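Encoded as structure tokens, the structure appears first; notes follow it.
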Amino acid sequence: MRGRPQGNWGALAPLCLLLFLFFLLTLGTSYKPVVVVHGLFDSPSEFSHLLLFINQSHPGTNVTVVDLFDHSQSLKPLWVQVEGFRCAISPIMQNAADGVHLICYSQGGLICRALLSTMPDHNVDTFISLSAPQMGQYGDTQYLRWLFPKYVKSNLYRFCYTRLGQDVSICNYWNDPHHRDLYLNSSNFLALLNSERVNPNATAWKRNLVRIQKLVLVGGPDDGVITPWQSSLFAFYNLNETVMDMEQQLVYLQDSFGLKTLDARGAIARCQVAGVPHTAWHSNRTVYETCLAPWLS
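Numbers -30 to -1, 1 to 267, taken from mature numbering (1 follows the signal peptide of the UniProt record, and there is no 0), label the letters of the sequence shown in order.
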């Protein structure tokens, strides 16, 4: 009688071991949720390729492309958009005990940086800034010619650096190197976010931002929209319109919002890909496999 239980256990032991190994494998392949924030004039429908790529390389990942401020609504002031995205993303964070990843495209990259800076309780692991004008925009593009047919880059400041202009999202990050004082005094989004003008929340915002584990900056020379394209890597024009690298920017040298802190601990990764036009960053498989997939564990 005593021998039978032992015999049964001996037969079940291999099956139990397989189940245990399967359990460990399942744990090993569970991925953090991914939240995607679109850019100017976009909507979630433009991100079908990205969703496919993530599903193929990281099956089972919970991916949310936030459906807010689509198309022309993306022209609303960025602080208004930040608040809306915060309300939508907070519940996703609260349900993700191990944290989330953010993939934020174009204008969405600035929205996400503002979210991270103003959310003391965020649990973002990796923030992927996908061809976003992190240091601002200064250049004539098809978007600007369509929106502001009477202006070129040299005089758009006349509109953008007004109270009315600051109600348009693009003007919130228009950074004219030839009218620095006007930018500092008038920009109520980027200049504040960069702590380039007096910001009573600067210390708290910096503390919030540097809680991320990784900042991945993605961009390339054939973008055609972000101007200079190196703005996606936190580089920008000086007064002579010479592009100065991130490490030469005053906001980096002064560590105004945490960029130098992140860099010092090795938390910044830069990924440059040539041959990618602005509208293709989220549908290009090479970009995904090289710049995004390695960080979505």
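We put the beta carbon where it would ideally sit given N, CA and C, even for glycine.
Since we're looking at a predicted model, the values are computed, not measured.
Neighbourhood of residue i by C-beta distance below 7 Å, restricted to the same chain and skipping five residues each side
| i | result |
| --- | --- |
| residue 2 | 66, 68, 69, 70, 71 and 95 |
| residue 153 | 131, 145, 146 and 161 |
| residue 260 | 241 and 243 |
| residue 164 | 221, 226 and 227 |
| residue 143 | 80, 103, 106, 107, 159 and 160 |
| residue 73 | 4, 6, 98, 100 and 262 |
| residue 231 | 180 and 225 |
| residue 49 | 159 |
| residue 121 | 129 |
Paired residues, beta bridge with residue i - DSSP
| i | result |
| --- | --- |
| residue 231 | Beta-bridge pairing links residue 231 to no other residue. |
| residue 214 | 206 |
| residue 241 | 188 |
| residue 7 | 74 |
| residue 107 | 144 |
Cβ-based neighbour list, residue i, same chain, cut-off 6 Å, excluding 5 preceding and 5 following
| i | result |
| --- | --- |
| residue 206 | 105 |
| residue 253 | 19 |
| residue 109 | 123 and 197 |
| residue 35 | 6, 14 and 17 |
| residue 182 | 94 and 97 |
| residue 209 | 147 |
| residue 204 | 104, 105 and 216 |
| residue 157 | none |
Supposed contact pair residue j and residue i - C-beta distance, whole angstroms, cut 8 Å
| i | j | result |
| --- | --- | --- |
| residue 196 | residue 101 | 6 Å |
| residue 266 | residue 24 | 7 Å |
| residue 138 | residue 45 | 6 Å |
| residue 63 | residue 92 | 6 Å |
| residue 85 | residue 58 | With 8 Å as the limit, residue 85 and residue 58 do not qualify as a contact, their Cβ atoms being about 10 Å apart. |
| residue 90 | residue 178 | 5 Å |
| residue 52 | residue 88 | 7 Å |
8 Å CB neighbourhood of residue i in its chain, flanking five on each side removed
| i | result |
| --- | --- |
| residue -1 | 30 |
| residue 118 | 126 and 129 |
| residue 41 | 11, 12 and 13 |
> If we count Cβ pairs, one from each stretch, closer than 8 Å, do we get three or more for the segment 129 to 136 versus the segment 182 to 199?
Replying inline: no
> Is the segment 243 to 261 touching the segment 212 to 225 in the sense that three or more CB pairs, one from each, lie closer than 8 Å?
Replying inline: no
>> For a minimum of 4 consecutive residues, which ranges assigned as the alpha helix (DSSP H) are wholly contained in the segment 34 to 105?
In response: 48 to 64 and 77 to 88
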